[in-house]
Amino acid sequence: MSILNIIKYPDPFLKTHAAQVKAVGEVSRLIADMIETMYAANGIGLAAVQVGAAARVIVLDVPDEEPDDDGEDRPRRRVKGKNLVALVNPEIVSATGTTVFEEGCLSLPGETANVERAAEVRVKGLDRDGNPVEFDAAGLFAIALQHEIDHLDGIVFIDRISRLKREFIKRRLRKAAAALEQAL
63 MSILNIIKYP DPFLKTHAAQ VKAVGEVSRL IADMIETMYA ANGIGLAAVQ
113 VGAAARVIVL DVPDEEPDDD GEDRPRRRVK GKNLVALVNP EIVSATGTTV
163 FEEGCLSLPG ETANVERAAE VRVKGLDRDG NPVEFDAAGL FAIALQHEID
213 HLDGIVFIDR ISRLKREFIK RRLRKAAAAL EQAL
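The numbers in our numbering rise by one with no breaks, and the one at position 148 of the sequence shown is 210.
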């Protein structure tokens, strides 16, 4: 297994529409490498597009949620691998309700924004062994699924926020990139 390079915004590859995977065996090594990369980056999800592969593959390991003092569900500390999911050709087949959550992304390090998404989703796809799966998700798991599936369609989370906020984040990213370039 290898740790892969995570593509950073504004790399145009992040706008790639990933292709359907014809045989799960073709991406088994990619899945293993994506899982290792996600853990190394301390992420809860990763899409193949983020590591330079135009394949409809996502991996997630979302911590369980539990209510905190104010009754809101908050993620617990993750037990590595406990909730690991790898999906090939994932598709959202239904979505209900709305929720707003402050999202971040391994391809936009240090940036977060409140994003409105469906509160619950039904997702289908293939597991790592090529078996069909279909399940319901809510909470952070539903948000993460939508976020990663968006990547497969060339969408990053800042595409789902207001133009003004998006431009502010883009400006901040350009300044950070320029400062890094000067430092090198």
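Every residue, glycine too, gets a C-beta built ideally from N, C-alpha and C.
Item, Value
"Drop a sphere of 10 angstroms on the beta-carbon of N151, count the other beta-carbons inside from all chains shown, and report buried for 16 or more, exposed for fewer.", "buried"
"Measuring straight from C-alpha to C-alpha, what distance separates G326 and D191?", "This structure does not reach residue 326, given that the chain is present from 63 up to 246, and the question cannot be answered."
"Q208 to R228, Cα distance in whole Å?", "19 Å"
"Would you say the stretch 87 to 107 touches the stretch 70 to 79, given that touching needs at least three Cβ pairs under 8 Å?", "no"
"Tell me where the beta strand (DSSP E) around T161 begins and ends.", "161 to 166"
"Beta carbon of A175, beta carbon of A117: below 8 Å?", "no"
"Using a Cβ distance threshold of 8 Å, determine whether the stretch 179 to 199 contacts the stretch 227 to 242, with at least three qualifying pairs required.", "no"
"Tell me, please, which residues DSSP counts as bridged to F197.", "V185"
"Determine the direct distance from the alpha carbon of I231 to that of A245, and round the result to whole angstroms.", "21 Å"
"Following the continuous beta strand (DSSP E) through T158, name the residue where it begins and the one where it ends.", "146 to 158"
"Comparing C-alpha positions only, which one of G166, A239, R225, E98 sits nearest to E210?", "G166"
"If you draw a straight line from the C-alpha of P125 to the C-alpha of G114, how long is it?", "26 Å"
"V147 and L168: beta carbons closer than 8 Å?", "no"
"Name, in chain order, the residues that DSSP records as bridge partners for G105.", "In the DSSP output, where bridge partners are listed per residue, G105 has none listed."
"So what does DSSP say about I120, is it helix, strand or coil?", "strand"
"Taking the alpha carbon of I69 as the reference point, which residue from L149, S156, V218 has its own alpha carbon closest?", "V218"
"Using the Cα positions of T161 and A199, report the straight-line distance between them to the nearest angstrom.", "13 Å"
"Compare the C-beta of I154 against all C-beta atoms of chain C and say whether one is closer than 8 Å.", "In the structure shown, chain C cannot be found, because there is only a single protein chain."
"Counting only the same chain and skipping the five closest in sequence on each side, list residues whose C-beta sits under 8 Å from that of E153.", "V185, K186, G187, I211"
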